[in-house]
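Peer 1: Below you'll find the structure I mean.
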Amino acid sequence: KYSGQYKVNPIATILTAKMMLDWLGETDGAQRIEDAVAAVIREGEVQTYDMGGSATTLEMAEAIAGRV
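Just so you know, the working numbering puts the end of the sequence shown at 101, numbered straight through with nothing missing.
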């Protein structure tokens, strides 16, 4: 349905990587990812389609990566 539209929210995938880091014992990195995701959501400046915004998948991922 959304293939090629770049509307999909990448947060679930990013938090999956956070869970993998937790499992591997890399708790500092995992916490940094979780904090970055929380900051982006809290600030509300970057929102994908499902959040009522117009940011692309890449824009959301870059916003999170910039805070890690």
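Glycine residues also receive a C-beta, built at the ideal position from the N, C-alpha and C atoms.
1) Decide yes or no for the touch test of the segment 39-47 against the segment 70-86: beta carbon pairs closer than 8 Å, at least 3 of them.
2) Label V70 either buried or exposed according to how many other C-beta atoms from any shown protein chain fall within 10 Å of its C-beta, with 16 as the threshold for buried.
3) Keeping to the same chain, check which residues put their C-beta closer than 8 Å to that of A98; ignore five residues upstream and five downstream.
4) Within a Cβ cutoff of 7 Å, which residues of the same chain sit near R100, ignoring the five residues on either side of it in sequence?
Peer 2: Looking at the atomic coordinates:
1) yes
2) buried
3) A69
4) A69, A72, V73
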